[in-house]
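Peer 1:
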Amino acid sequence: MIIGQRGASIEECEWGYRNALLAGEQKAMMFYACAAMRKFMDEQPLTPNAFENGLGETIPFVFYDYYLPMRIRNFGTEDQRDLSWLVNEFKEGKRDASEYYLTAIAKLGLSGNLTILFMPCSNERNYYLRFCSLAKQLGRYRELTPEMYSMTYIAHRKSKHKSMDRSKISVTSNIVVDANVVGKRNCVLIDDVCTTGDSIRTHIAELQAYGVRIVGVVCLGRTARIPNRDKIMEQAKKDSNQIFET
Numbered sequence: 001m002i003i004g005q006r007g008a009s010i011e012e013c014e015w016g017y018r019n020a021l022l023a024g025e026q027k028a029m030m031f032y033a034c035a036a037m038r039k040f041m042d043e044q045p046l047t048p049n050a051f052e053n054g055l056g057e058t059i060p061f062v063f064y065d066y067y068l069p070m071r072i073r074n075f076g077t078e079d080q081r082d083l084s085w086l087v088n089e090f091k092e093g094k095r096d097a098s099e100y101y102l103t104a105i106a107k108l109g110l111s112g113n114l115t116i117l118f119m120p121c122s123n124e125r126n127y128y129l130r131f132c133s134l135a136k137q138l139g140r141y142r143e144l145t146p147e148m149y150s151m152t153y154i155a156h157r158k159s160k161h162k163s164m165d166r167s168k169i170s171v172t173s174n175i176v177v178d179a180n181v182v183g184k185r186n187c188v189l190i191d192d193v194c195t196t197g198d199s200i201r202t203h204i205a206e207l208q209a210y211g212v213r214i215v216g217v218v219c220l221g222r223t224a225r226i227p228n229r230d231k232i233m234e235q236a237k238k239d240s241n242q243i244f245e246t
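With my numbering, letter number 222 in the sequence shown gets 222, and the count goes up by one each step, no holes.
1. Measure from the alpha carbon of lysine 94 to the alpha carbon of each residue in Ser122, Cys132, Asn74 and Ile59, then state which is nearest.
2. Contact check, alanine 224 vs methionine 37 under 8 Å by CB: the rounded distance?
3. Runs of 4 residues minimum, wholly inside the segment 80-105: which ones carry the alpha helix (DSSP H) assignment?
4. Please report the straight-line C-alpha distance between tryptophan 15 and leucine 68, rounded to a whole angstrom.
5. Please state whether the Cβ-Cβ distance between isoleucine 200 and methionine 119 is less than 8 Å.
6. Looking at the structure shown, is glutamate 57 part of a helix, part of a strand, or coil, going by DSSP?
7. How about methionine 1 and alanine 28: do their beta carbons lie closer than 8 Å?
8. Quick one: residues in its chain with C-beta nearer than 7 Å to the C-beta of alanine 155, no 5 flanking neighbours on either side, listed in chain order?
9. How would you write the range of the alpha helix (DSSP H) that aspartate 42 sits in, first residue to last?
10. By Cβ distance, which residues of its chain are closer than 7 Å to threonine 152, with the 5 residues on each side in sequence left out?
11. Only counting the same chain, and skipping five residues up and downstream in sequence, which positions put a Cβ closer than 6 Å to that of leucine 117?
12. Flag this pair as touching only if the segment 103-115 and the segment 74-90 have three or more C-beta atom pairs under 8 Å; answer yes or no.
13. Tell me, to the nearest whole angstrom, how far the beta carbon of glycine 197 is from that of tyrosine 64; I am working on the premise that it is less than 8 Å.
14. DSSP three-state call for glutamate 206: helix, strand or coil?
15. Quick one: grab the DSSP three-state call for glutamate 143.
16. Assuming isoleucine 10 contacts aspartate 79 (C-beta within less than 8 Å), just tell me the rounded distance between them.
17. Rounded to whole angstroms, how far is the Cβ of asparagine 49 from the Cβ of phenylalanine 61, which I believe are closer than 8 Å?
18. Do isoleucine 59 and valine 215 have their C-beta atoms closer together than 8 Å?
19. For glycine 145 versus threonine 115, is the C-beta spacing smaller than 8 Å?
20. If you run the structure through DSSP and keep just helix, strand and coil, what is cysteine 132?
21. Grouping DSSP H, G and I as helix and E and B as strand, with all else coil, what is glycine 4?
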């Protein structure tokens, strides 16, 4: 457990927690699951993952790292916890995340000039609080054209990230697409966190109705999904056997 908590790399953390778990330390289970998250998730950080856009097409989706919700955050590695806190502070307009987004955008592998669009928020205030500074930073790069004024807010809705049950929040659109982005064809959609991807698909479809073509999606985080105990133990034993065979 000490090696897992003090590991210099995520691989070292994973090694420590896995061996603690296999030695009978049940407290290591969630720590191991977070350190080995890439083995339990289909999508990998800073890698062009296939994203079904809801229109029968697949586009590249890149996120910086896994996002750990508050209930499991203390089980994450130091880097995972830092990224998760960054996401929360970015949402509130307290942290600059432009370097993270620039790194992720580059990983999309897209060529040519890109129009950067931003996901709608619960209200206009939260939208500008969250994305205004980022848009200014991205706008410094010649190949990127941020469009902050791509929508008009016509209603408020409850904030999903502050809700205990996201499924109960209405997904009804509270914006109208503005004329200045109609027909844009080489667009990247920016969001903070992707959980199910349903909100992103809904907005892509809304933009599609105005001739806007989204060719890539970028997020700071992808919400981690913790598997059940049996799958965690199965993976730990599998990893241990592979190392032994090697």
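Every residue gets a Cβ at the ideal spot worked out from N, C-alpha and C, and that includes glycine.
Here the structure is a predicted model, which means the values were calculated and not measured.
Peer 2: Considering the structure as presented:
1. What you label residue 94 is simply residue 94 of the sequence shown in a count that begins at 1. When each option's Cα is compared against that of lysine 94, the closest is Cys132.
2. Position 224 of the sequence shown, counting from 1, holds the residue named residue 224. Position 37 of the sequence shown, counting from 1, holds the residue named residue 37. 6 Å between Cβ atoms; contact.
3. none
4. Taking the sequence shown and counting its residues from 1, one reaches residue 15 at position 15. Taking the sequence shown and counting its residues from 1, one reaches residue 68 at position 68. Cα to Cα, tryptophan 15 sits roughly 20 Å from leucine 68.
5. To locate residue 200, count along the sequence shown from 1; it is residue 200. To locate residue 119, count along the sequence shown from 1; it is residue 119. Cβ distance < 8 Å, so isoleucine 200 and methionine 119 count as in contact.
6. Translated into the one-based positions of the sequence shown, residue 57 becomes position 57. It is coil, neither helix nor strand.
7. Numbered from its first residue, the sequence shown carries residue 1 at position 1. Numbered from its first residue, the sequence shown carries residue 28 at position 28. The beta carbons of methionine 1 and alanine 28 sit closer together than 8 Å.
8. Taking the sequence shown and counting its residues from 1, one reaches residue 155 at position 155. The beta carbon of alanine 155 lies closer than 7 Å to those of Asn174 in the same chain, with the five residues before and after it left out.
9. Within the sequence shown, residue 42 is the residue found at index 42, counting from 1. Under the DSSP assignment, aspartate 42 falls outside any alpha helix (DSSP H); it carries neither an H nor an E label.
10. Taking the sequence shown and counting its residues from 1, the one referred to as residue 152 is at position 152. Around threonine 152: Ile175, Val176 and Asp178.
11. One-based indexing of the sequence shown puts residue 117 at position 117. Closer than 6 Å at Cβ, skipping near neighbours: Glu147, Ser150, Cys187 and Leu189.
12. no
13. For the purposes of this step, residue 197 is identified with residue 197 of the sequence shown, where counting begins at 1. For the purposes of this step, residue 64 is identified with residue 64 of the sequence shown, where counting begins at 1. Glycine 197 to tyrosine 64, Cβ: 16 Å. No contact.
14. Within the sequence shown, numbered from 1, the residue matching residue 206 stands at position 206. If DSSP states are grouped into helix, strand and coil, glutamate 206 belongs with the helices.
15. What you label residue 143 is simply residue 143 of the sequence shown in a count that begins at 1. DSSP places glutamate 143 in coil when its eight states are reduced to three.
16. Within the sequence shown, residue 10 is the residue found at index 10, counting from 1. Within the sequence shown, residue 79 is the residue found at index 79, counting from 1. Confirmed, Cβ separation roughly 7 Å.
17. Translated into positions along the sequence shown, residue 49 becomes position 49. Translated into positions along the sequence shown, residue 61 becomes position 61. Right, their Cβ atoms sit about 5 Å apart.
18. As a first step, residue 59 is located in the sequence shown; it is residue number 59 there, counting from the start. As a first step, residue 215 is located in the sequence shown; it is residue number 215 there, counting from the start. Against a cut-off of 8 Å, the Cβ pair of valine 215 and isoleucine 59 comes out as a contact.
19. Counting from 1 along the sequence shown, the entry for residue 145 is found at position 145. Counting from 1 along the sequence shown, the entry for residue 115 is found at position 115. The sequence shown places threonine at residue 145, rather than the glycine named in the question. A contact, by the Cβ cut-off of 8 Å.
20. For the purposes of this step, residue 132 is taken as residue 132 along the sequence shown, with counting starting at 1. In the displayed model, cysteine 132 falls within a helix according to three-state DSSP.
21. Taking the first residue of the sequence shown as position 1, residue 4 is located at position 4. It is helical.
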